[in-house]
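Notes follow once the structure below has been shown.
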Amino acid sequence: MRVKFWGVRGSLPSPPTSDEISARLTEALFRLGQDGSSLDLSDRASIARWVDTLPHSIRSFTGGNTPCVELQIGDYRCIFDLGSGLRPLGDELMAEEFGRGEGHAHLFLSHLHWDHIQGWPFFKPAYIAGNRFDLYARHPHAWDRLRDQQTEPYFPPDAWGDMKADTHFHCLPCEPVEIARGIKVSTLELEHPSLAYGFRVEANDKTFVYASDGAYPTPGNGSGSDPAQKFVRFFEDADIVIFDSQFSLAESMEKRAWGHSSAIVGVELAARANAKRLAMFHHDPSASDAKLDHLLRISSEYAANLPSPSPQNAIEVLMAREGMEIEL
Ligand SMILES: [Zn+2]
Ligand SMILES: [Zn+2]
């Protein structure tokens with residue numbers, strides 16, 4: 090299984106500002122003056138290698154596109170959520186068999202908020218006859234919602250009618266389903282306004298969990314009938330859990346009705362579930378990279394200090410960044 094992040098931001102697209110870009114250039118040049126005096130500034134390759142040594146917060150952005158994650162399982166291509174990250178993914182796919190009308194992908198929609206569907210009208214492969222898309226969701230009206238966002242008078246011209254790809258909608262049941270030979274998909278209802286659903290994909294002895302947009306029981310209140318247990322089971326032994334960490338722990342408790350969570354809660358659940366990695370995801374649109382780096386640092390420290398039956402298997406906490414790829 091190979092995972093690639095195309096959109097990692099929650100709620101709405103959040104591109105970097107000119108001031109942020111200027112500040113990063115200024116900081117990079119300052120560091121060059123401090124420690125890069127031997128660098129050959131006439132050689133682009135040498136400069137690129139030096140840039141690669143800079144921290145992410147100087148040389149790149151975490152990402153401003155809304156949720157879209159690609160999962161490749163052998164020849165099967167799965168896409169989780171259709172946020173604005175779907176547009177650059179579609180552009181890349183056009184250079185492959187999708188540009189010739191010979192592509193096939195499985196699309197999974199967690200729920201119908203704008204940030205999870207707004208990339209669909211800009212997904213070029215959907216306009217190419219011969220491509221096939223199987224769209225899966227638990228919401229029975231998901232297909233109507235996709236269509237409604239781009240029918241007149243809201244989205245001229247008739248972008249919906251121009252979509253010539255062969256698209257099939259599948260309303261998923263509560264029970265696990267096999268979408269293709271050896272690829273099992275399970276879903277779980279998440280606490281979120283109008284409900285969202287998490288997806289668990291098992292194939293080739295690997296497990297991928299996508300759990301965007303959800304609030305969870307507070308860590309430590311799981312005595313008696315443990316309300317967190319169903320999530321722990323859903324995350325069990327996962328190779329990666331992509332987790333809604335929009336808020337800090339305090340914010341997640343203050344704004345519980347918003348239906349988002351924090352990396353600390355994710356670490357608690359994933360550690361109990363014996364998951365290998367937790368990818369922080371659905372970043373707050375107002376969160377700076379400095380704030381995200383801080384949240385990553387404290388959640389990684391928290392994970393490293395959790396009591397565990399096998400400390401060498403402490404959960405790895407990652408920051409989902411646009412363009413990041415992980416082989417599971
Ligand atoms: Zn969202
Ligand atoms: Zn949402």
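Adding 89 to a residue's 1-based position in the sequence shown gives its number in my numbering. Glycine included, every Cβ here is placed at the ideal spot set by N, Cα and C.
DSSP bridge partner residues for Ser-351 (one or two, in chain order) = Phe-336
query = ligand 2 heavy atoms versus the CB of His-228: any closer than 6 Å?
reply = no
query = Can you tell me whether DSSP reads Tyr-286 as helix, strand or coil?
reply = strand
Cβ-based burial, Ala-409 [other Cβ within 10 Å; buried from 16] = buried
task = Would you please state the rounded distance, in angstroms, between the beta carbons of Asp-255 and Phe-297? I believe it to be under 8 Å.
result = About 26 Å; that fails the 8 Å criterion.
Chain-ordered residues, beta carbon under 6 Å from a heavy atom of ligand 2 = His-200, His-202, His-281, Ala-285, Asp-302
request  = Identify the continuous alpha helix (DSSP H) that holds Arg-234 and give its terminal residues.
outcome  = 231–237
ask   = With a cut-off of 8 Å, do at least 3 Cβ pairs link the region 352–364 to the region 326–342?
value = yes
Segment limits, beta strand (DSSP E) that includes Gly-190 = Careful: Gly-190 lies outside any beta strand (DSSP E) and carries neither H nor E.
ask   = So, Leu-367 versus Ser-351, is the Cβ gap smaller than 7 Å?
value = no
message = Looking at ligand 1, does it come within less than 6 Å of Asp-204, judged from the CB to the closest heavy atom?
response = yes
ask   = Do you know how far the Cα of Leu-358 is from the Cα of Ala-317?
value = 8 Å
inquiry  = So the candidates are Glu-291, Ser-283, Ala-112, Lys-295; which of them puts its Cα closest to the Cα of Ala-304?
reply    = Ser-283
query = Just how far apart, CA to CA, sit Leu-128 and Ile-136?
reply = 7 Å
ask   = Would the region 176–184 and the region 130–147 be scored as touching if the rule is three or more Cβ pairs under 8 Å?
value = no
query = Residue range of the alpha helix (DSSP H) that Phe-212 falls in?
reply = First-last for Phe-212: undefined, no H or E at that position.
task = If I'm right that Leu-101 touches Ala-117 with Cβ under 8 Å, what's the distance once you round it to whole angstroms?
result = Not really, about 28 Å apart at Cβ, beyond 8 Å.
key: Unbroken stretches of the beta strand (DSSP E), 3 residues or longer, contained in the region 93–178   = 157–162, 165–169
request  = Using DSSP bridges, identify the partner residues of Leu-358.
outcome  = According to DSSP, Leu-358 bridges with nothing at all.
ask   = Heavy atom of ligand 1 less than 6 Å from the Cβ of Gly-99, yes or no?
value = yes
key: Same chain, Cβ closer than 7 Å to Ala-269, five either side skipped, listed in chain order   = Tyr-165
task = Could you check the C-alpha separation between Gly-311 and Val-356 for me, to the nearest Å?
result = Interpretation of Gly-311 is limited by its pLDDT of 48, a score under 50 that renders its predicted location unreliable; the figure taken from the coordinates is listed afterwards. Taking the straight line from one Cα to the other gives about 15 Å.
inquiry  = Based on DSSP bridge pairs, tell me the residues matched to Phe-297.
reply    = Val-290, Ile-329
ask   = Rounded to whole angstroms, how far is the Cβ of Gly-152 from the Cβ of Gly-190, which I believe are closer than 8 Å?
value = With 8 Å as the limit, Gly-152 and Gly-190 do not qualify as a contact, their Cβ atoms being about 30 Å apart.
task = Buried or exposed for Gln-123, please, with buried defined as at least 16 other CB atoms from any protein chain shown within 10 angstroms of its CB.
result = exposed
query = Under a three-way DSSP split, which group does Ala-409 fall into?
reply = coil
query = When DSSP builds the beta bridges, which residues end up paired with Phe-324?
reply = DSSP, once it has assigned bridges, lists no residue as partnering Phe-324.
inquiry  = As a quick exercise: from Thr-115, Arg-113, His-205, Lys-295, pick the residue whose alpha carbon is nearest that of Gly-99.
reply    = His-205
task = Answer yes or no: do Met-369 and Ser-341 have a C-beta to C-beta separation smaller than 7 Å?
result = no
message = Considering only their Cβ atoms, is the gap separating Ile-162 from Ile-272 smaller than 7 Å?
response = yes
ask   = Can you tell which of Ser-199, Ser-389, Gln-239 has the C-alpha that lies nearest to the C-alpha of Pro-210?
value = Gln-239
request  = Measure from the alpha carbon of Asp-60 to the alpha carbon of each residue in Phe-288, Pro-306, Met-252, Glu-278, then state which is nearest.
outcome  = Nothing in the structure corresponds to residue 60, since the chain is present only between 90 and 417.
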